[in-house]
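Protein chains in written order, with this note's numbering: chain A, 514 to 568; chain B, 260 to 1065.
What follows is a set of notes on a single structure, which appears directly below.
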Amino acid sequence: MTVIVLLIAVGAVVAGGFLAAFVWAVRSGQFDDTSTPAVRVLLDQPRRSAPQSKP
Amino acid sequence: VTTASSSVLDQAVGLPDALALCRHCGDACAAGAVRTDAGSFCCSGCASVFELIREHGLTQFYACDPDAGVSQRSALPRDADRFAVLDDPAIARRFVDADDGTFSYVTFSVPSLHCASCLWLLEQLWRFDEGIGRSEADLMRRTVRVTFRRDRTTLRAVAERLASLGYEPTLDGERAAGHMPPARRDLYLKIGVAGFAVGNMMLFSIPRYANGAPLDPTFQRLFDGLNVLLAFPVLVYSAADFFRAAWRSVRTRVMTLDVPVAIGLVVLFVRSLWDISTRSGEGFLDSFAGLVFFLLIGRLFQQMAFDSIAFDRTVRSFLPLSVRVATGSRMAMRRIEDLTPGDVIVVRPGEVVPADACLLDTQGRVDLAFVTGEQHPVPVQAGDVITAGARIVGEAQRLQIMRPVSQSRLTDLWNNPVFTQKPAHWLTTVSARFGRWFTLGALALAVLGFVAWWPDFGMASQVATAVLIIACPCALTLAAPITLGTTLGMLGQAGVYLKQGAVALDLSRVDTIAFDKTGTLTTAEATATVDLEGLDDRDWARVRRLAAESIHPVCRALAGRVAVEGRVHDVLDAVGEGIRGVVDDATVAVGKASFVAGLARAAIGPAGGRTWASVDGRVGSFALATPERRGMADVVDTLAASHEAWLLSGDNDDEAPRWQTAFGDRMRFRQTPADKLGTVQARQSAGRHVLMIGDGLNDAGALAAADVGLAVSDDTACLVPACDAVIGGDRLTLLPAVLRYARRARAVIVLCLVVSVAYNVIGLTLALTGRLTPLATAILMPVSSLTVIGLSVGLMRVRAPRWSGR
Chain A
514 MTVIVLLIAV
524 GAVVAGGFLA
534 AFVWAVRSGQ
544 FDDTSTPAVR
554 VLLDQPRRSA
564 PQSKP
Chain B
260 VTTASSSVLD
270 QAVGLPDALA
280 LCRHCGDACA
290 AGAVRTDAGS
300 FCCSGCASVF
310 ELIREHGLTQ
320 FYACDPDAGV
330 SQRSALPRDA
340 DRFAVLDDPA
350 IARRFVDADD
360 GTFSYVTFSV
370 PSLHCASCLW
380 LLEQLWRFDE
390 GIGRSEADLM
400 RRTVRVTFRR
410 DRTTLRAVAE
420 RLASLGYEPT
430 LDGERAAGHM
440 PPARRDLYLK
450 IGVAGFAVGN
460 MMLFSIPRYA
470 NGAPLDPTFQ
480 RLFDGLNVLL
490 AFPVLVYSAA
500 DFFRAAWRSV
510 RTRVMTLDVP
520 VAIGLVVLFV
530 RSLWDISTRS
540 GEGFLDSFAG
550 LVFFLLIGRL
560 FQQMAFDSIA
570 FDRTVRSFLP
580 LSVRVATGSR
590 MAMRRIEDLT
600 PGDVIVVRPG
610 EVVPADACLL
620 DTQGRVDLAF
630 VTGEQHPVPV
640 QAGDVITAGA
650 RIVGEAQRLQ
660 IMRPVSQSRL
670 TDLWNNPVFT
680 QKPAHWLTTV
690 SARFGRWFTL
700 GALALAVLGF
710 VAWWPDFGMA
720 SQVATAVLII
730 ACPCALTLAA
740 PITLGTTLGM
750 LGQAGVYLKQ
760 GAVALDLSRV
770 DTIAFDKTGT
780 LTTAEATATV
790 DLEGLDDRDW
800 ARVRRLAAES
810 IHPVCRALAG
820 RVAVEGRVHD
830 VLDAVGEGIR
840 GVVDDATVAV
850 GKASFVAGLA
860 RAAIGPAGGR
870 TWASVDGRVG
880 SFALATPERR
890 GMADVVDTLA
900 ASHEAWLLSG
910 DNDDEAPRWQ
920 TAFGDRMRFR
930 QTPADKLGTV
940 QARQSAGRHV
950 LMIGDGLNDA
960 GALAAADVGL
970 AVSDDTACLV
980 PACDAVIGGD
990 RLTLLPAVLR
1000 YARRARAVIV
1010 LCLVVSVAYN
1020 VIGLTLALTG
1030 RLTPLATAIL
1040 MPVSSLTVIG
1050 LSVGLMRVRA
1060 PRWSGR
């Protein structure tokens, strides 16, 4: 039955990874605007490469 | 770009061309229309924006929505150097998010951003200015975030570029909308942590639920330990806001909803720890985390609903940001916070005096409507002290600052109770006061439940927790703000702006409607037949120059949209009579025959319905035919059938027969502002709820006194502080729909209140009888809030008034 302990450990690592990914996504502003990107994908025009640096 | 019309008259009143639609914004091309090789435009502003877009090969802008452009008609009289304030680093800082020496990252709030085409154009900004790097628009917040090279362009140039495309950035006193408020990211993280915990805790708890019998003690202890481990971050991080808010309300002795929620959470957590440490059970830690998770989601939903309402509001701050300061012979823009006593400022007509100041010019006139509610401008002499909030009328004035500026005082002036002194509708006060009593009641019930189930400690604490959590007044307190907020937003999209949500409730009980005539039932765009008589073209230009000083519809029609040169002083605007003043050393008067007669050397005929003008004694006249607004006759007939409709006009009764059928004998002509106010008050004292509709020029008193004052705004930037709502002139045909919509808003609020009361009664009964587990309450609670939000938003969004005609 010790396999359950192992599974729990593996599960915690995987879930923790997703939590970390979520924290990173929020902190980097990916949840800041949830409506505009849905419209933006419909507009086709090449965008010149603009400065990528984030403040 | 060429102007189609060239004669003085055509420029003045234009020739209606009903067939042509503006190539840029899709509005009908009427007075002031411009024709170029590209097509027809409603105004020269639209034409130049189109030209700019075409020049840069971006006509694809019109591909997905042919009317994507923002009409520039109201933009024309704007001051060309209004963005000069952005050269001031202290003001610029408000717009700059970050700056790394080479690049600046700025966010502008752009209220006219409204569709995918706008988004597309605003993200092509770099094509217009090589200093601009990336620009990103946010459709919901109506902001544009621009990155630019500081060595190639300036903040001011970026703002001017936006304005030149028709997207006028706001320069409000408040910080620009910015990107997402940090609090929102925080909320997402808290939800994330709570969600992570609750998901994993469910995995550890399911074996216990599914097994039916106690688990192997080793595993049970392992799972319990893991649950406690996962529950801690939820308690100290995710739920921290609830405890903080509860503590604040205990300290300030104002009962809020956070108190029972916080107590409930603590009871759940402590009891679970007790159960686990004494091995008497496995606790409710999964329910605890689930409760926090759902509470936070409810909070997020609520914030999103409020946000979308807040960003839909287009009527914004009206307070000045900077003023011109005269230092020696130079004029510089200075932030009003930086003004010090002794500074000499120059305030132009229509601008607000930012601080108590002393008049340096010999004489002038100020409008104290913001300060005292007094509607007539009062004359002031050199040396007089002018109170902050007074608006300069007539000519620009030089003033010396006496006291430092208090921003809060200015804001207070705008929110002056003079303009909002009406008794609040019972529905708005009931939900505000409700929270306190409800909280106390819930606490009492919880104690009662606990005592009733004593000495069964487990059951007693479960009942108490369930009561505290289920008895959430959220649904009750949400009903009015959410419904009214949605109403505000939907009406805003249709071109009807309410000053606040409660106005919708006032609108819902209107049974009497009083209309102003000129500018309301008839259009402000008049066609004139001019009889020059003794006046030559130059005189006529002076008449038009003087007319431009007034915002009366006749004067506006006369002045047209094309600016006229000339220096004007000593202007006297006699409301309801006419206007006189000195234009380039000639004494000019425009107005009623009796008003002009005193200055005229030639005879003034009795011809009725004509407006007279005199220049140094020479006389001319013109007749303005004011066509009724399209569809207005039907609207008046509809409203007169269901409401008591009045016509209160300052003009003579020439047009009486035209409105006879709708208004019958409820027509009053040659009304002074005081007469109109009197009629409105007389109907109110007869127990009627009056809606006054007018342009706010000679009916400001009536607009302020009426239960709802609806100001009609065509293309003036003039604001009527006394009104409760503003409607675009072309949207007046929506009026019956707007009134129906307001009544629907009231019905929806009542329905929501009934639903949440029923929910609470059922929930509390189940909780007190011990039939609700904490988990069930944790799910039920947000469901009730979501039901109310869904009901109010859903019902208010279906078939809301929409403006489709043009």
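Yeah, the Cβ is synthetic: ideal placement off N, Cα and C, and Gly gets one too.
Can you check whether the CB of residue 902 of chain B is closer than 7 Å to the CB of residue 989 of chain B? no
Touching by the beta-carbon criterion (3+ pairs, under 8 Å), the segment 354-373 of chain B and the segment 401-418 of chain B: yes
Residue closest to residue 361 of chain B, alpha-carbon to alpha-carbon, out of B:397, B:399, B:411 and B:389: B:411
Straight-line CA distance for residue 553 of chain A to residue 399 of chain B? 13 Å
Quick one, which residues of the segment 534-547 of chain B are near chain A if we go by CB-CB under 9 Å, in chain order? none
Chain-order list of residues whose beta-carbon lies under 7 Å from that of residue 463 of chain B (same chain, five-residue window excluded): 482, 485 and 486
Do residue 556 of chain B and residue 584 of chain B have their C-beta atoms within less than 7 Å of each other? no
Neighbour flag for residue 496 of chain B against chain A, beta carbons, 7 Å: no
Straight-line gap, residue 637 of chain B to residue 887 of chain B (C-alpha atoms, nearest Å): 34 Å
When the Cβ atoms of the segment 739-757 of chain B are set against those of the segment 891-905 of chain B, are three or more pairs found closer than 8 Å? no
I'd like to know if the segment 707-722 of chain B and the segment 497-516 of chain B are in contact, where contact means that at least 3 CB-CB pairs between them fall below 8 Å. no
Can you give the beta carbon distance from residue 772 of chain B to residue 986 of chain B, rounded, assuming they're within the 8 Å contact cut? Contact doesn't hold; Cβ gap of about 13 Å is too wide.
What residues from the segment 355-385 of chain B come within 9 Å of chain A, judged by C-beta to C-beta, listed N to C? 356, 357, 358, 359, 361, 362, 364, 374, 375, 376, 378, 379, 382, 383 and 385
In this structure, does DSSP put residue 549 of chain A in helix, strand or coil? helix
Against chain A, with Cβ distances strictly below 7 Å, would residue 455 of chain B count as a contact? yes
Would you call the segment 752-763 of chain B and the segment 989-1005 of chain B touching, i.e. three or more CB-CB distances under 8 Å? yes
So with Cβ pairs under 7 Å, would you call residue 552 of chain A a contact of chain C? Absent here is chain C; the protein component of the structure consists of chains A and B.
I need the DSSP call for residue 849 of chain B, collapsed to helix, strand or coil. strand
Report the neighbours of residue 399 of chain B on chain A: residues whose CB is nearer than 9 Å to its CB, in chain order. 546, 547, 548 and 549
Please list, in chain order, all residues of the same chain as residue 534 of chain B whose beta carbon is under 6 Å from its beta carbon, the five residues on each side excluded. 540 and 542
Go through its chain and collect everything with a Cβ distance to residue 437 of chain B's Cβ below 6 Å, but skip five positions before and after it. Residue placement at residue 437 of chain B is flagged as unreliable, the pLDDT there being 43, under the threshold of 50; the coordinate-derived value follows with that caveat. Here the set comprises 366.
Which residues of chain A have a Cβ atom closer than 7 Å to the Cβ of residue 447 of chain B, listed in chain order? 539 and 544
Please work out which residues of its chain come closer than 6 Å, Cβ to Cβ, to residue 263 of chain B, disregarding the five sequence neighbours upstream and downstream, and give them in chain order. Because the pLDDT of residue 263 of chain B is 36, which lies under 50, any placement of that residue in the model is unreliable, and the number read from its coordinates should be weighed accordingly. Same-chain partners within the cutoff: 294.
Assign residue 529 of chain A to one of three DSSP states: helix, strand, or coil. helix
Once you ignore the five residues that flank residue 997 of chain B on each side, which residues in its own chain have a CB closer than 6 Å to its CB? 755 and 1060
With a cut-off of 7 Å, does the C-beta of residue 556 of chain A fall near any C-beta of chain B? yes
Quick check on residue 1020 of chain B: buried or exposed, where buried means 16 or more other Cβ atoms within 10 Å of its Cβ? exposed
List the endpoints of the continuous alpha helix (DSSP H) containing residue 773 of chain B. Element bounds for residue 773 of chain B: not the alpha helix (DSSP H) but the beta strand (DSSP E), 771-774.
When you compare the CB of residue 451 of chain B with every CB in chain A, is at least one pair closer than 7 Å? yes
So, with DSSP's three-state summary, where would you put residue 1066 of chain B? Since the first and last residues shown for chain B are 260 and 1065, residue 1066 of chain B lies out of range.
According to the neighbour-count rule (16 or more other Cβ atoms, all chains shown, within 10 Å of its Cβ), is residue 517 of chain B buried or exposed? buried
Check whether the Cβ of residue 532 of chain A lies closer than 7 Å to any Cβ atom in chain B. yes
Hey, would you say residue 848 of chain B sits closer than 7 Å to residue 841 of chain B, going by beta carbons? no
With 7 Å set as the bound, which would you pick, yes or no: does the beta-carbon of residue 444 of chain B sit closer than that to a beta-carbon of chain A? yes
At which residues does the alpha helix (DSSP H) containing residue 392 of chain B begin and terminate? Here residue 392 of chain B belongs to no alpha helix (DSSP H); instead the beta strand (DSSP E) covers 391-397.
6 Å CB neighbourhood of residue 433 of chain B in its chain, flanking five on each side removed: At residue 433 of chain B the pLDDT is 46, less than 50, meaning the model places this residue with poor confidence; the figure from the coordinates comes in the next sentence. The answer is none, since no qualifying residue turns up.
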